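Visitor: Have a look at this one before I ask anything.
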Amino acid sequence: MRTVNLYNTLTKKTEEFTPNVEGKVNMYTCGPTVYHFAHIGNLRSYIMEDVLEKYLRYAGYDVKRVMNITDVGHLASDADSGEDKMLTGAKREHKTVMEIAEFYRKAFFEDCDKLNIKTPDVIEPATNCIPEFIHMIEKLIADEYAYVAGGNVYFDTSKLEEYYVLSNQNEEELMVGVRDDVEEDTNKRSKTDFVLWFTKSKFDDQELKWDSPWGVGYPGWHIECSCISMKHLGEYLDIHCGGVDNIFPHHTNEIAQSEAYIGHKWCNYWFHVQHLNDKRGKMSKSAGGFLTVSALEEEGYSPLVYRMFCLQSHYRKPLVFSYEVLDNVKTAYEKLQKKVSSLAEEGEVEQAVLEKYQDRFAEAMGSDMNTSQAITVLYDALKEDTNDATKRSIVVDFEQVLSLGLFDKPADGSDDVDEEFTAWIEGKIEERKAAKKEKDFAKADAIRQELLDKGVEVKDTREGTVWNLL
Ligand code: AMP
Ligand code: ZN
C-alpha cells in the first residue's frame with residue numbers, strides 16, 4: 037500500500053489517509069443536479085475526484101464509490117428557498133421533470149465518458165430513496181433533532197454542540213451567496229436550521245410529490261446525500277467529495293443530520309475541489325453563459341485536452357479558464373500523444389527504471405494529489421535514457437490514474453494527412469529502405485532528414501518503419 041497524504045477540510049490539515057477498514061475505502065461524491073448540462077466547472081470537480089479515486093486504487097486500496105443524482109429538492113438557493121432547480125429546467129424546456137432528469141443524466145455520463153471519468157460503483161437518483169429519507173427524518177424528529185413548522189420539517193441546529201465543523205468563517209459571511217434575493221423563512225427557529233421535508237412552498241409547487249407522515253411533499257436536498265451514502269456505504273464513511281461551494285451549507289448540514297442520526301462521527305476525510313472561474317467569477321449553471329464539453333468540442337478541443345488542463349493545476353487552487361491557456365495545453369497534449377503513440381513495443385522493460393518512476397509518480401500523487409508534478413514525472417520518463425518498451429510501460433502505469441488517452445489515435449495524426457502526402461511519405465520510406473539495403477547510409481540519412489524537414493519523424497522497429505507527424 038502506498039502512502040496517500042491528503043488535505044482534509046475537516047481538520048484543515050494535510051494528513052495521511054487511513055481508512056476505517058484496512059485496505060478498503062468507502063467514498064461518496066455529490067452527484068449533479070440534472071436540470072441542465074454539466075458545465076466544465078462541475079466537470080473540473082468530477083475530473084479531480086476521478087483522479088483521487090483512481091489514485092487510491094493505484095495506491096492499493098479497494099474503493100467503493102457512490103454518487104447520487106439530484107433530481108428533486110435542490111432549490112434555487114442552497115439555503116432551501118426558491119424554486120426547485122428541476123422545475124426551472126422543466127419549465128425552460130416545456131418538458132416534465134422526469135424527462136429533464138433523464139435527458140441531463142444521460143448527457144452528464146456522456147460527458148464523463150469523453151473525459152475518461154470512471155462511472156462510480158453505485159449511482160442512485162434521489163427519487164429512488166423516498167422511503168429511506170422519510171425513515172431518517174422520523175428518527176430525527178423522535179430524537180428531537182428535528183421539528184415541524186408551517187407544514188415543513190426542519191433540522192434544529194441549536195441541538196448540536198458544534199454546527200460549523202467544516203468551516204471557521206463567521207455565519208454572516210457564509211450565508212452571503214446562499215441567501216441572494218431570497219426571503220428569510222420565518223418557520224425556522226434559527227436561521228441555520230434547514231429543511232428535511234417540504235410540504236409548503238411560497239414558490240411554484242413541485243411536479244413530483246410523495247405521501248409522508250407530514251403531508252404530501254418532497255425531500256430537502258441535504259438529506260439525500262446523507263441517506264444515499266449510508267444506504268450503500270454504512271455508518272462509517274472514509275471520504276466525501278465535492279466542490280468547495282458544497283462546504284456550506286450542504287456538507288455542513290450533511291454532517292449535522294448524519295451524526296445526529298447515527299450518534300457518532302460519520303466521515304473522516306473531506307475532499308473539496310476549488311472552483312473553475314471565468315472572467316465573471318465562478319462558473320455556474322444558474323448564471324448562464326457557461327461552457328460545456330460539447331462547446332469545447334465544437335471549438336476543436338478534445339475533451340481530454342480539458343482533462344489535461346485541469347490536471348496541470350492543483351485541485352485546491354482556483355483555476356481561471358481561458359482559451360489562450362487551453363491552446364497551449366492542446367499543443368502540449370498533441371505532442372505528448374504523438375510521442376507516446378510512436379513508442380515502439382519491442383524490447384525488455386527495465387524494471388529498475390520503471391520502479392524509479394513509479395516511486396516518483398507516487399510521491400507526487402501522494403502529496404495531496406499533485407497532478408501537475410505527476411505530469412512532469414511523465415515528461416521526465418519520456419526523456420529518460422532507456423528503451424521504448426520501458427517508457428511505454430511507465431506511461432501505461434501512470435495512465436491508470438491520469439487517464440489522458442495518451443495511447444489513443446492522435447486527433448490530427450497520420451490518418452488525417454491527405455492521401456497525396458501519405459503516398460509521398462511512404463514512397464520516401466521505401467526509397468530509404470532500398471538505400472539501406474544497398475548500404476548507402478548517407479542517402480538513407482538524407483531521406484530521413486528530408487522527411488524531418490517536412491515534419492515527419494520515422495522510426496525503425498522490429499515490425500518495420502513507422503512514422504508520425506511532429
Ligand atoms: P451541481 O450539479 O450544481 O449540484 O454541482 C455538481 C458539482 O460541481 C458539485 O460538487 C459542485 O460543488 C461542483 N461545482 C459547481 N460549480 C463549480 C465550479 N465553478 N468549479 C468547480 N466545481 C463546481
Ligand atoms: Zn451532496
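Take 37 as the starting number for the sequence shown in the numbering used here and just add one per residue.
C-beta atoms are modelled at their ideal positions from N, C-alpha and C, and glycine is treated no differently.
Keep in mind that this is a model prediction, so the values were computed, not measured.
Might you give, ordered along the chain, the residues of its own chain that have their beta carbon closer than 8 Å to the beta carbon of K375, omitting 5 neighbours on each side?
Guide: The residue given as residue 375 occupies position 339 in the sequence shown. Closer than 8 Å at the Cβ level, and outside the excluded window around K375, lie L418.
Visitor: From R215 to L390, what distance separates their C-alpha atoms?
Guide: Here residue 215 refers to the residue found at position 179 when the sequence shown is read from its first residue. Here residue 390 refers to the residue found at position 354 when the sequence shown is read from its first residue. With a pLDDT of only 45 at R215, under 50, the local geometry of the prediction cannot be trusted, and no value is derived from it.
Visitor: Beta-carbon separation of S408 and S349 under 9 Å?
Guide: One-based indexing of the sequence shown puts residue 408 at position 372. One-based indexing of the sequence shown puts residue 349 at position 313. Against a cut-off of 9 Å, the Cβ pair of S349 and S408 comes out as a contact.
Visitor: Could you tell me the distance, in whole angstroms, from the CA atom of Y272 to the CA atom of K301?
Guide: In the sequence shown, counting from the first residue as 1, residue 272 sits at position 236. In the sequence shown, counting from the first residue as 1, residue 301 sits at position 265. Their Cα atoms are separated by approximately 8 Å.
Visitor: With the ligand AMP as the reference, list in chain order each residue whose Cβ lies under 5 Å from any of its heavy atoms.
Guide: Cβ-based neighbours of the ligand AMP within the cut-off: C66, P68, T69, G77, N78, R80, S81, G278, G279, D281, N282, H311, L312, K318 and M319.
Visitor: Under three-state DSSP, which class holds A126?
Guide: Reading the sequence shown from its first residue, position 90 is the one you call residue 126. If DSSP states are grouped into helix, strand and coil, A126 belongs with the helices.
Visitor: Tell me where the alpha helix (DSSP H) around D98 begins and ends.
Guide: If you number the sequence shown from 1, residue 98 lands on position 62. Not the alpha helix (DSSP H): D98 falls in the beta strand (DSSP E), residues D98 to I105.
Visitor: Could you tell me which residues DSSP pairs with E160 in its beta bridges?
Guide: In the sequence shown, residue 160 corresponds to position 124, counting from 1. BP columns for E160 point to N104.
Visitor: Which value, in whole angstroms, describes the spacing of the CA atoms of Q513 and R352?
Guide: The question about residue 513 has no answer, for the chain in this structure spans 37 to 506.
Visitor: Using only CA atoms, which one of C66, A95 and R80 lies nearest to E52?
Guide: As a first step, residue 52 is located in the sequence shown; it is residue number 16 there, counting from the start. When each option's Cα is compared against that of E52, the closest is A95.
Visitor: Among the residues of its own chain, which have a CB less than 6 Å from the CB of V201, if the five just before and after it don't count?
Guide: Along the sequence shown, one-based indexing puts residue 201 at 165. If we look at V201 and ignore the five residues flanking it on each side, its Cβ neighbours are I291.
Visitor: If you drop the 5 nearest sequence neighbours on each side, which residues of the same chain put their C-beta closer than 7 Å to that of Y82?
Guide: As a first step, residue 82 must be located in the sequence shown, where it is residue number 46. Closer than 7 Å at the Cβ level, and outside the excluded window around Y82, lie C148 and I153.
Visitor: Hey, is the segment 361-371 in contact with the segment 168-177, meaning 3+ C-beta pairs nearer than 8 Å?
Guide: Judged by Cβ distances under 8 Å, the segment 361-371 makes no contact with the segment 168-177, as fewer than three pairs qualify.
Visitor: Cα-Cα, which of Q485, F73, G59 and A388 is closest to L92?
Guide: Reading the sequence shown from its first residue, position 56 is the one you call residue 92. Nearest option by C-alpha distance: G59.
Visitor: Does the count of Cβ pairs from the segment 433-446 and the segment 332-345 closer than 8 Å reach three?
Guide: Touching, yes, given that three or more Cβ pairs across the two stretches are closer than 8 Å.
Visitor: Tell me whether M63 sits in a helix, a strand or coil according to DSSP, three-state version.
Guide: Along the sequence shown, one-based indexing puts residue 63 at 27. Here M63 sits in strand by DSSP.
Visitor: Cβ atoms of P354 and L312: under 9 Å apart, would you say?
Guide: Against the sequence shown, residue 312 aligns to sequence position 276. Against the sequence shown, residue 354 aligns to sequence position 318. A contact, by the Cβ cut-off of 9 Å.
Visitor: Checking 9 Å against the spacing of the C-beta atoms, do T65 and M37 come in under that value?
Guide: On the sequence shown, residue 65 is found 29 positions in, with the first residue counted as 1. On the sequence shown, residue 37 is found 1 positions in, with the first residue counted as 1. Cβ atoms of T65 and M37: not closer than 9 Å.
Visitor: Have a look at K490 and K392 and give me their C-alpha separation to the nearest angstrom.
Guide: Position 454 of the sequence shown, counting from 1, holds the residue named residue 490. Position 356 of the sequence shown, counting from 1, holds the residue named residue 392. If I take the Cα positions, the gap works out to 37 Å.
Visitor: Is it the case that the CB of N62 approaches a heavy atom of the ligand MG more closely than 8 Å?
Guide: Looking for the ligand MG in the displayed structure turns up nothing; the ligands present are the ligand AMP and the ligand ZN.
Visitor: Under 8 Å from any heavy atom of the ligand ZN, does the C-beta of H286 make it?
Guide: Here residue 286 is taken as the residue at index 250 of the sequence shown, counted from 1. Answer for H286: yes, Cβ within range of the ligand ZN.
Visitor: Tell me the DSSP secondary structure of N78 in three-state form.
Guide: Here the question's residue 78 lines up with position 42 in the sequence shown. Residue state, collapsed to three classes: helix.
Visitor: Note down, in chain order, each residue of its chain lying with its Cβ closer than 6 Å to the Cβ of N289, except the 5 sequence neighbours on either side.
Guide: As a first step, residue 289 is located in the sequence shown; it is residue number 253 there, counting from the start. Counting only Cβ-Cβ distances below 6 Å, and skipping sequence neighbours, we find F230 and H258.
Visitor: With distances taken Cα to Cα, identify the nearest neighbour of F169 among R141, T39, K224 and K267.
Guide: Sequence index remark: in the sequence shown, residue 169 carries index 133 (1-based). Of the candidates R141, T39, K224 and K267, the one whose C-alpha sits nearest the C-alpha of F169 is K267.
Visitor: The beta strand (DSSP E) spanning Y351 covers which residue range?
Guide: As a working mapping, residue 351 is identified with position 315 in the sequence shown. Run containing Y351: none; DSSP gives neither H nor E here.
Visitor: Measure the Cβ-Cβ separation of E85 and C277 and say whether it is below 9 Å.
Guide: The sequence position of residue 85 within the sequence shown is 49, counting from 1. The sequence position of residue 277 within the sequence shown is 241, counting from 1. Cβ distance < 9 Å, so E85 and C277 count as in contact.
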